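In order, the protein sequence lines correspond to chains A and B.
Okay, so the first sequence: first residue is 30 according to our numbering, each after it adds one.
Okay, so the second sequence: first residue is 915 according to our numbering, each after it adds one.
Comments concern the structure below.
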Amino acid sequence: MSKIETPRFASAVSGIRHVFIRNLELPAHIGVYRQEEGRTQPVRINVDLATDEIADAQDMLENVVDYHVIEKRIRAIIAEGHVRLAETLAERIAAACFEDQRVRTVRVRVEKLAALTHAESVGIEIERTR
Amino acid sequence: MSSSEAPLTGADRIAAAGFEDARVRTVRVRVEKLEALTHAESVGIEIERSR
Chain A
30 MSKIETPRFA SAVSGIRHVF IRNLELPAHI GVYRQEEGRT QPVRINVDLA
80 TDEIADAQDM LENVVDYHVI EKRIRAIIAE GHVRLAETLA ERIAAACFED
130 QRVRTVRVRV EKLAALTHAE SVGIEIERTR
Chain B
915 MSSSEAPLTG ADRIAAAGFE DARVRTVRVR VEKLEALTHA ESVGIEIERS
965 R
């Protein structure tokens, strides 16, 4: 599997905690070509969040951004149905991440794993900041 | 850690342990959970702490 270059979001000076989901692989209805209609294909999703740091999270889930919530939102977006572009999927995921007010910056990478026979993947990556 | 201290997250505890050596100025800690999500390689957090 290709090495993902991880953004260095964590920062003591800026008070940023980096929360991430690495290589989430799900079947998705995606693509513009006829052979991509009516079936799923595997996509790989990477999400990196720059979130407001709390000096002492007190080991409490409500004090940090919960990756389970982010994953549920990603699954819900994919379950909405066919999208033509990976870009669309990435934008929707980024928007869903911003529903948590503590998220300042989102980086989303969407890869299609079966798009090209002789390539491991094709994909796009976007970064959005409030 | 004294029992009166509020509990810290795992990454925070590791960062604090790094600062026990007085020569350490900045610590960056990444903690990944490898079995948290069934269809993901990992989830995790990264923090940075400076004196």
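Using N, Cα and C, we set each Cβ at its ideal position, and we do this for glycine too.
What you are looking at is a predicted structure, and each value in this text was computed from that prediction instead of being measured.
First and last residue of the beta strand (DSSP E) that includes residue i?
i	result
arginine 133 of chain A	132–141
arginine 68 of chain A	It is not in any beta strand (DSSP E) - arginine 68 of chain A carries neither H nor E in the DSSP assignment.
valine 945 of chain B	940–947
glycine 60 of chain A	Here glycine 60 of chain A belongs to no beta strand (DSSP E), and DSSP marks it neither H nor E.
alanine 954 of chain B	954–964
threonine 158 of chain A	151–158
Comparing C-alpha positions only, which one of the options sits nearest to residue i?
i	options	result
isoleucine 153 of chain A	A/Val94, A/Ile122, A/Ser40	A/Ile122
glutamate 100 of chain A	B/Arg963, B/Val941, B/Phe933, B/Thr952	B/Thr952
alanine 160 of chain A	A/Ile155, A/Glu34, A/Leu90	There is no way to answer for residue 160 of chain A, as the model of chain A reaches only from 30 to 159.
isoleucine 106 of chain A	A/Asn92, A/Val93, A/Ile83, A/Cys126	A/Cys126
asparagine 52 of chain A	A/Leu145, A/Arg37, A/Tyr96	A/Tyr96
alanine 108 of chain A	A/Ala57, A/Glu34, A/Val151, A/Ala148	A/Ala57
serine 40 of chain A	B/Glu934, B/Leu948, B/Thr940, B/Lys947	B/Thr940
glutamate 66 of chain A	A/Glu149, A/Gly110, A/Thr146	A/Gly110
leucine 145 of chain A	A/Pro71, A/Pro36, A/Glu34	A/Pro71
valine 98 of chain A	B/Glu955, B/Phe933, B/Ala950	B/Ala950
aspartate 129 of chain A	A/Ala148, A/Pro36, A/Arg159	A/Arg159
threonine 923 of chain B	A/Thr35, A/Glu34, A/Met89, A/Arg37	A/Met89
arginine 37 of chain A	B/Ala954, B/Leu948, B/Lys947, B/Val943	B/Val943
Assuming residue i and residue j form a contact by the criterion Cβ under 8 Å, report the distance between their Cβ atoms to the nearest whole angstrom.
i	j	result
leucine 118 of chain A	arginine 73 of chain A	About 11 Å separates the two Cβ atoms, so there is no contact after all.
alanine 115 of chain A	isoleucine 50 of chain A	About 17 Å separates the two Cβ atoms, so there is no contact after all.
valine 61 of chain A	arginine 113 of chain A	5 Å
threonine 80 of chain A	isoleucine 45 of chain A	7 Å
leucine 78 of chain A	valine 135 of chain A	6 Å
What do you reckon, are the CB atoms on residue i and residue j nearer than 9 Å?
i	j	result
valine 957 of chain B	valine 48 of chain A	yes
valine 945 of chain B	isoleucine 959 of chain B	yes
asparagine 75 of chain A	arginine 157 of chain A	no
alanine 931 of chain B	arginine 963 of chain B	no
alanine 936 of chain B	isoleucine 961 of chain B	no
proline 93 of chain A	isoleucine 103 of chain A	Before going further, note that residue 93 of chain A is valine rather than proline in the sequence given. No, they are not a contact pair.
In the DSSP assignment, find the alpha helix (DSSP H) that holds residue i and state where it starts and stops.
i	result
valine 98 of chain A	96–108
glycine 932 of chain B	924–932
alanine 115 of chain A	115–126
Using a beta-carbon distance cut-off of less than 7 Å, what residues from the region 40–57 of chain A approach chain B? Ser40, Ala41, Arg46, His47, Val48, Phe49, Ile50, Arg51, Asn52, Leu53, Glu54, Leu55
Could you please tell me which residues of the region 926–947 of chain B, in chain order, have their CB closer than 9 Å to any CB of chain A? So the list reads Asp926, Thr940, Val941, Arg942, Val943, Arg944, Glu946, Lys947, given in the order they occur along the chain.
Counting only Cβ-Cβ distances shorter than 8 Å, please list the residues of the region 97–116 of chain A near chain B, keeping chain order. His97, Glu100
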